[in-house]
């Protein structure tokens with residue numbers, strides 16, 4: 047049986063490539079003269095393909111397995127990064143952003159589902175935590191690679207470095223991907239999206255996941271813009287973003303213990319509150335050390351959300367449809383992520399970048415209240431698939 051550690055390693059290298067590519071494309075767009083609104087539209091471009099195909103991707107991984115979907119996603123994302131190298135322009139940067147959505151669509155859904163399928167019920171929470179720890183490592187390494195690559199090789203060759211990282215998981219899948227779980231081979235009725243959304247216990251998980259993802263993406267895209275306006279170098283911006291990833295790593299190490307003591311909803315409530323506090327503080331600072339400190343606070347808060355929502359989504363899925371459930375989570379997240387960066391870009395253009403972080407804090411505060419109220423309704427949520 048394939049090890050969960052193999053899946054975590056695949057995730058680490060793929061997400062490192064994607065994270066580096068995101069930061070690189072954002073910095074490249076700024077170099078080419080993109081406005082805050084354009085940056086928001088670039089952030090939205092990462093979500094176009096996931097919105098269209100996330101749920102279908104989950105159904106495909108349930109039916110056909112994950113190997114070829116993973117290869118398609120990684121190859122599509124890395125191919126997109128070649129476009130700005132050969133034809134540097136805002137247009138190719140946006141196309142690369144949209145193609146990067148292929149990796150988000152196929153890889154995220156398939157990898158998360160694989161973690162659930164390969165885990166024993168008693169180890170599932172720990173394995174999902176390890177999976178998100180790999181994401182934290184990738185989010186730490188990715189911005190550093192992007193920032194230092196730009197400083198030392200230039201934007202063009204930095205694109206090639208991102209592609210080179212993506213070759214690692216492609217090689218892993220070519221050599222050992224045949225050992226991954228196979229799909230059922232059976233076509234299932236597509237069903238109605240609204241019917242899936244209204245299933246008992248699903249909506250609170252999707253709502254919490256969307257709040258966390260929007261807050262994370264807004265931070266990832268607008269912190270570089272804010273730091274750039276504050277006069278920080280690409281390397282310093284990479285360090286500021288990397289401290290966020292360090293914090294998520296720390297939070298996820300202690301997350302299993304926190305969950306055993308306080309439960310999912312209470313942990314989410316406090317985590318959102320801490321992240322909101324960090325967002326309130328960002329506009330008060332302009333130096334790299336202080337921005338790194340606020341990034342660390344935000345990372346501590348938001349680092350807990352993904353493992354919790356992944357576990358809840360998998361355990362509340364029907365037998366044989368876990369991939370579709372993970373795809374549904376991705377679809378709802380990306381519907382929100384498509385709209386919010388553009389709206390926040392308009393806000394940044396009209397009211398300034400400070401308003402983006404303050405509104406992000408308000409969003410997280412609302413999420414905190416929602417999560418805390420959810421703890422009072424837990425007795426009404428159906429038992430999970432393992433009970």
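Numbering (the numbering used here), first residue to last: 47 to 433. Virtual Cβ for every residue (Gly too), placed ideally from N, Cα, C.
For this session: Put residue 91 into one of helix, strand or coil per three-state DSSP.
Result: In the chain shown, the residue the question calls residue 91 occupies position 45. Residue 91 falls in the helix class under three-state DSSP.
Exercise. Check residue 362 in the structure and name its three-state DSSP category.
Key: If you number the chain shown from 1, residue 362 lands on position 316. Coil at residue 362, not helix or strand.
Report all residues from its chain with a CB closer than 7 Å to the CB of residue 283; omit the five preceding and five following residues, and keep chain order. As a position in the chain shown, residue 283 is number 237, starting the count at 1. Only 193, 270, 273 and 274 meet the Cβ criterion.
Residue 53, DSSP secondary structure in three states
As a position in the chain shown, residue 53 is number 7, starting the count at 1. Of the three classes helix, strand and coil, the one that applies to residue 53 here is helix, per DSSP.
Straight-line CA distance for residue 216 to residue 330? What you label residue 216 is simply residue 170 of the chain shown in a count that begins at 1. What you label residue 330 is simply residue 284 of the chain shown in a count that begins at 1. Going from the Cα of residue 216 to the Cα of residue 330 covers about 43 Å.
**For residue 218, the three-state DSSP class (helix, strand or coil)** = Taking the first residue of the chain shown as 1, we reach residue 218 at position 172. Assigned with DSSP and collapsed to three states, residue 218 falls in helix.
| query | Leaving out five residues before and five after residue 58 in sequence, what residues of the same chain have Cβ atoms less than 7 Å from its Cβ? | reply | Here the question's residue 58 lines up with position 12 in the chain shown. If we look at residue 58 and ignore the five residues flanking it on each side, its Cβ neighbours are 180, 183 and 184.
Rounded to whole angstroms, what's the CA-CA distance from residue 291 to residue 102? Just pull it up for me.
Locating residue 291 in the chain shown gives position 245, counting from the first residue. Locating residue 102 in the chain shown gives position 56, counting from the first residue. The straight-line gap from Cα to Cα measures roughly 30 Å.
* Considering only residues of the same chain and omitting the five flanking positions on each side of residue 406, which have a CB-CB separation below 6 Å? -> To locate residue 406, count along the chain shown from 1; it is residue 360. So the list reads 261, 264 and 325, once near-sequence residues are dropped.
ask   = Is residue 82 helix, strand or coil when you go by DSSP?
value = One-based indexing of the chain shown puts residue 82 at position 36. In this structure, residue 82 counts as helix in the three-state DSSP scheme.
In chain order, what residues of the same chain have a beta carbon less than 7 Å from the beta carbon of residue 100, not counting five sequence neighbours either side? Translated into the one-based positions of the chain shown, residue 100 becomes position 54. Residues of the same chain with a CB within less than 7 Å of the CB of residue 100, apart from the 5 flanking positions on each side, are 151, 155, 373, 376, 377 and 380 in chain order.
Practice item. Go through the region 271 to 299 residue by residue and report every complete run of the beta strand (DSSP E) that reaches 3 residues or more, in order. Key: none
Check your understanding: So, using beta-carbon positions, are residue 391 and residue 86 closer together than 9 Å?
Key -> Residue mapping note: residue 391 aligns to position 345 of the chain shown, counting from 1. Residue mapping note: residue 86 aligns to position 40 of the chain shown, counting from 1. Result yes, Cβ atoms of residue 391 and residue 86 sit closer than 9 Å.
Supposed close pair residue 209, residue 83 - CB separation, criterion 8 Å = As a position in the chain shown, residue 209 is number 163, starting the count at 1. As a position in the chain shown, residue 83 is number 37, starting the count at 1. With a Cβ gap of about 29 Å, residue 209 and residue 83 do not count as contacting.
I'd like to check one pair, residue 289 with residue 338: are the Cβ atoms closer than 9 Å? Here residue 338 is taken as the residue at index 292 of the chain shown, counted from 1. Here residue 289 is taken as the residue at index 243 of the chain shown, counted from 1. The answer is yes: Cβ separation under 9 Å.
Rounded straight-line distance, which links the Cα of residue 340 to that of residue 328: The residue given as residue 328 occupies position 282 in the chain shown. The residue given as residue 340 occupies position 294 in the chain shown. Spanning the two alpha carbons is a distance of roughly 6 Å.
Item to check | Spatial neighbours of residue 118 in its chain, beta-carbon cut-off 8 Å, leaving aside the 5 residues before and after | outcome: Position 72 of the chain shown, counted from the first residue, corresponds to residue 118. So the list reads 148 and 152, once near-sequence residues are dropped.
task = Would you mind sorting residue 433 into buried or exposed? The rule is 16 or more other CB atoms within 10 Å of its CB.
result = Mapped onto the chain shown, residue 433 falls at position 387. Residue confidence is low: residue 433 scores 48 on pLDDT, short of 50, so the model does not pin down where it sits. Its coordinate-derived value is still stated next. Exposed, by the Cβ-count rule.
If you draw a straight line from the C-alpha of residue 196 to the C-alpha of residue 301, how long is it? On the chain shown, residue 196 is found 150 positions in, with the first residue counted as 1. On the chain shown, residue 301 is found 255 positions in, with the first residue counted as 1. In a straight line, the C-alpha of residue 196 is about 35 Å away from that of residue 301.
Just to confirm my understanding: we take residue 69, look at its own chain, exclude 5 residues before and 5 after, and list those with CB closer than 6 Å. What are they?
As a working note, residue 69 is residue 23 in the chain shown. Within the same chain, residue 69 has close Cβ partners 189 and 192.
Would you mind working out which of 321, 134 and 401 sits nearest residue 75, comparing C-alpha positions? What you label residue 75 is simply residue 29 of the chain shown in a count that begins at 1. If we check each option's Cα against that of residue 75, 134 comes out closest.
Open item on the list: Any contact between the region 51 to 67 and the region 344 to 362? By contact I mean 3 or more CB pairs, one from each, below 8 Å.
Closed with: no
Leaving out five residues on either side along the sequence, give the residues of the same chain with a beta carbon under 6 Å from the beta carbon of residue 400. In the chain shown, counting from the first residue as 1, residue 400 sits at position 354. Contacts found: 329.
*What number of angstroms, rounded off, separates the C-alpha of residue 353 from the C-alpha of residue 55?*
Taking the first residue of the chain shown as 1, we reach residue 353 at position 307. Taking the first residue of the chain shown as 1, we reach residue 55 at position 9. CA-to-CA, the gap between residue 353 and residue 55 works out to about 17 Å.
Checklist entry - Is any heavy atom of the ligand PLP found at a distance shorter than 8 Å from the C-beta of residue 71? => result The ligand PLP is absent from the structure shown, which contains no ligand whatsoever.
*asked:* Determine whether the beta carbon atoms of residue 160 and residue 50 lie at a separation below 9 Å.
replied: Locating residue 160 in the chain shown gives position 114, counting from the first residue. Locating residue 50 in the chain shown gives position 4, counting from the first residue. Going by C-beta atoms, residue 160 is nearer than 9 Å to residue 50.
By a C-beta neighbour count over all protein chains shown, 10 Å radius and 16 as the cutoff for buried, is residue 310 buried or exposed?
Along the chain shown, read from residue 1 onward, the residue named residue 310 stands at position 264. Residue 310 should be labelled buried.
* Asked: Grouping DSSP H, G and I as helix and E and B as strand, with all else coil, what is residue 395?
  -> Sequence index remark: in the chain shown, residue 395 carries index 349 (1-based). Three-state DSSP puts residue 395 in a helix.
Nonlocal neighbours in the same chain, by C-beta distance under 7 Å from residue 165, ignoring five residues either side | Start at 1 with the first residue of the chain shown, and residue 165 comes out as number 119. 50 and 173.
message: Looking at residue 145: is its Cβ nearer than 9 Å to the Cβ of residue 95?
response: Locating residue 145 in the chain shown gives position 99, counting from the first residue. Locating residue 95 in the chain shown gives position 49, counting from the first residue. The criterion of a C-beta distance shorter than 9 Å is satisfied by residue 145 and residue 95.
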